[in-house]
Each structure stands twice: as structure tokens, then as C-alpha cells.
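Enquirer: Heads up: the sequence shown begins at 0 in numbering that gives the first Met the number 0, then just goes up one per residue.
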Amino acid sequence: MIGITIGSLLWLLLAVETHAIAGKSYTSWDCCKPACGDNSVAGAYNSKTMIGAPRVCNINNDPFSISAGLSAAPGCGQAGTAYLCDTYAPIPVNNDLAYGFAIVRDKAACCKCFEITWRAGTPAAGKKMQVQVINIGGGSTTSNANDIIVYTPGGGVGPVYDGCRQQYGKSWGRTIGGVSSAKECESLPQNLQGGCYFRWNWLRGDVNGWNVDYKQISCPQQLENISGCSA
Numbered sequence: 000m001i002g003i004t005i006g007s008l009l010w011l012l013l014a015v016e017t018h019a020i021a022g023k024s025y026t027s028w029d030c031c032k033p034a035c036g037d038n039s040v041a042g043a044y045n046s047k048t049m050i051g052a053p054r055v056c057n058i059n060n061d062p063f064s065i066s067a068g069l070s071a072a073p074g075c076g077q078a079g080t081a082y083l084c085d086t087y088a089p090i091p092v093n094n095d096l097a098y099g100f101a102i103v104r105d106k107a108a109c110c111k112c113f114e115i116t117w118r119a120g121t122p123a124a125g126k127k128m129q130v131q132v133i134n135i136g137g138g139s140t141t142s143n144a145n146d147i148i149v150y151t152p153g154g155g156v157g158p159v160y161d162g163c164r165q166q167y168g169k170s171w172g173r174t175i176g177g178v179s180s181a182k183e184c185e186s187l188p189q190n191l192q193g194g195c196y197f198r199w200n201w202l203r204g205d206v207n208g209w210n211v212d213y214k215q216i217s218c219p220q221q222l223e224n225i226s227g228c229s230a
């Protein structure tokens, strides 16, 4: 019995033990429906790696059911109704750890979780953020396939700039990078301001282009509860 228990524990550890990936961090908040919550991506990977799919919301941040969300048209397109939920804003746990959600390039990463550590030489050196991937992309935002984009309200809207204009009637900041200071967070809708200040207060700066290491981990239950998915 003891051998089986130890073996099971080792298997669980090995299942999520991966080497650290070196890259750069960026930030985004385009208000668009995340790709992992759409049938075009989730339909291809749900049966292989995903359980459920990331929740998406209507224009008022009310969540669709998972099945309705998968088929709802993105709000950043014509006549679309599905948007990024405001519950995907970052969550500080303590001074050194936070939870949140992210974008990477690998479709197979949908609903998987990673721990980001900001490297020496950045204002957030040593801080860690455990994130769940809910979107795929980054080609026009980052220069390296290993870079990771953290969702923070007030982050750059990127190439698809209609989402926030459709949902909130406005956009903000730089297309790549978003707002340039904590002061500019005041221009965001009230429900997004806290997540915007997180970037400047907890992470201590712009975030874009900062050196990080990140590795796959088991997902915190709180993130799975927010997103509605796991992998």
C-alpha cells in the first residue's frame, strides 16, 4: 500500500514537472472572447486535453453557459455577443504571489496553468504569478514564441481593437502595451480599474518586455472555478 501511494505521488509530480521556459512578459485586455472558449479551438482540443472550456460573458459581464459560450460569436466582430469576462482580472494572493489568466501561442495549452517568475533586473524580480491559459495568440504583440501575455485590464488591445469599444464604448492606451501609468487607470470603467492598478502597484510597472521564466504547474482550484475549465 505504501509503495502504491508513493508511486502515485511521484506520477502526479512528474505529470506537471517541466523545465522552465525563458521568455518575456507582456500584457493585454482586448475585451474579445478568448479563443480557448470558442468551438474553433475548443472543439479540436476538448476531447484530448481540456475538461470544459473557459467561460465567456455577454456585454454586461454576465456569463454564458459553457455550451452557449462556445458557439456565441465574438463581440469584436459584427453582431457578436461574447466578450472577455471582467472576472479574468488578476488576483493578488500576497506580496509575492498572484493568480491570473494568460495568452500563449500553443493551442494545446488551453486551460493549462503556468507559474511565471519575473527575473532579476525587473521591478517585479522574484514575484510569481500562477496563470491559466484561456487564449491563443501573441504573434503581433510579442517577438518570441516563448513570450507570455498576462491579462490585466488596461493592457494593450492589440490588433483587434473593436472589442472594448463594443463592450464599453471606449478603448485605452497604446495598442501594444495599453495604459502607460497608474493615473491612466482612472479612464477605465469602474469594474476594471482594480485590475489595472494591479499592474502598477503589485507588479510595479509596465510589465511589457520584462524577462521571465515560467513552467507548467497544477492549476489552483480558484482559477478553475473562475474559468470553468481544466486540463
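Where is the CB? At the ideal position from N, CA and C, for every residue including glycine.
#1: Enumerate in chain order the residues of its own chain whose CB-to-CB distance from H18 is below 6 Å, with the five nearest sequence positions on each side excluded.
#2: I'd like the span of the alpha helix (DSSP H) that includes Y25, first residue to last.
#3: Which term fits D37, buried or exposed, when burial requires 16 or more other beta carbons within 10 angstroms of its beta carbon?
#4: Does the segment 57-68 come within contact of the segment 102-118, defined as at least 3 CB pairs closer than 8 Å?
#5: How is the alpha helix (DSSP H) around D161 delimited, first residue to last?
#6: Do G157 and I133 come within 8 Å of each other at the CB atom, strictly closer than that value?
#7: Helix, strand or coil: which one does DSSP assign to Q221?
#8: Distance, Cα to Cα, G233 vs A52?
#9: Assess, as a yes-or-no matter, whether the segment 184-194 is touched by the segment 68-77 under the definition of 3 or more beta carbon pairs within less than 8 Å.
#10: Among the residues of its own chain, which have a CB less than 7 Å from the CB of N210, if the five just before and after it don't count?
#11: Please tell me whether K32 and L83 are closer than 8 Å, where the distance is taken between their beta carbons.
#12: Can you list, in chain order, the residues of its chain whose CB lies under 7 Å from that of L187, leaving out five sequence neighbours each side?
#13: Which whole runs of the beta strand (DSSP E) in the segment 82-116 are 3 residues long or more, in chain order?
#14: Once you ignore the five residues that flank L9 on each side, which residues in its own chain have a CB closer than 6 Å to its CB?
#15: Report all residues from its chain with a CB closer than 7 Å to the CB of A21; omit the five preceding and five following residues, and keep chain order.
#16: Can you tell me where the beta strand (DSSP E) holding N210 begins and where it ends?
#17: With a CB to CB cut of under 7 Å and the five nearest residues on each side skipped, what residues in its chain are close to S7?
#18: State the DSSP-derived secondary structure class of K32, mapped to helix, strand or coil.
Expert: Based on what the coordinates show:
#1: For this step, residue 18 is matched to residue 19 along the sequence shown. Taken in chain order, the list of residues that qualify is empty.
#2: The residue you call residue 25 lines up with position 26 of the sequence shown. No alpha helix (DSSP H) contains Y25, which is instead part of the beta strand (DSSP E) from I20 to S27.
#3: Within the sequence shown, residue 37 is the residue found at index 38, counting from 1. When all chains shown are included, D37 counts as buried.
#4: no
#5: Translated into positions along the sequence shown, residue 161 becomes position 162. Segment D161 to Y167, the alpha helix (DSSP H) holding D161.
#6: Residue mapping note: residue 133 aligns to position 134 of the sequence shown, counting from 1. Residue mapping note: residue 157 aligns to position 158 of the sequence shown, counting from 1. Contact: no.
#7: In the sequence shown, residue 221 corresponds to position 222, counting from 1. Note: Q221 maps to helix in three-state DSSP.
#8: Outside the shown range of the chain (0 to 230) lies residue 233, about which nothing can therefore be said.
#9: no
#10: Counted from its first residue, the sequence shown places residue 210 at position 211. Annotation for N210: K23, R118, G120 and T121 place their beta carbon closer than 7 Å to its own, counting only its chain and skipping 5 residues before and after.
#11: As a first step, residue 32 is located in the sequence shown; it is residue number 33 there, counting from the start. As a first step, residue 83 is located in the sequence shown; it is residue number 84 there, counting from the start. In this structure, K32 lies near L83, with their beta-carbon atoms less than 8 Å apart.
#12: By 1-based counting over the sequence shown, the position of residue 187 is 188. Hits under 7 Å: P152, G153, W171 and C195.
#13: Taking only runs of at least 3 residues, the beta strand (DSSP E) segments lying wholly in the segment 82-116 are 96-103.
#14: Taking the sequence shown and counting its residues from 1, the one referred to as residue 9 is at position 10. The predicted model places L9 with a pLDDT of 35, which falls under 50 and marks its position as unreliable, so this point remains unresolved.
#15: In the sequence shown, counting from the first residue as 1, residue 21 sits at position 22. So the list reads N145 and D212, once near-sequence residues are dropped.
#16: Mapped onto the sequence shown, residue 210 falls at position 211. That run of the beta strand (DSSP E) goes W209 to I216.
#17: In the sequence shown, residue 7 corresponds to position 8, counting from 1. Interpretation of S7 is limited by its pLDDT of 36, a score under 50 that renders its predicted location unreliable; the figure taken from the coordinates is listed afterwards. Within the same chain, S7 has no close Cβ partners at all.
#18: Translated into the one-based positions of the sequence shown, residue 32 becomes position 33. DSSP places K32 in coil when its eight states are reduced to three.
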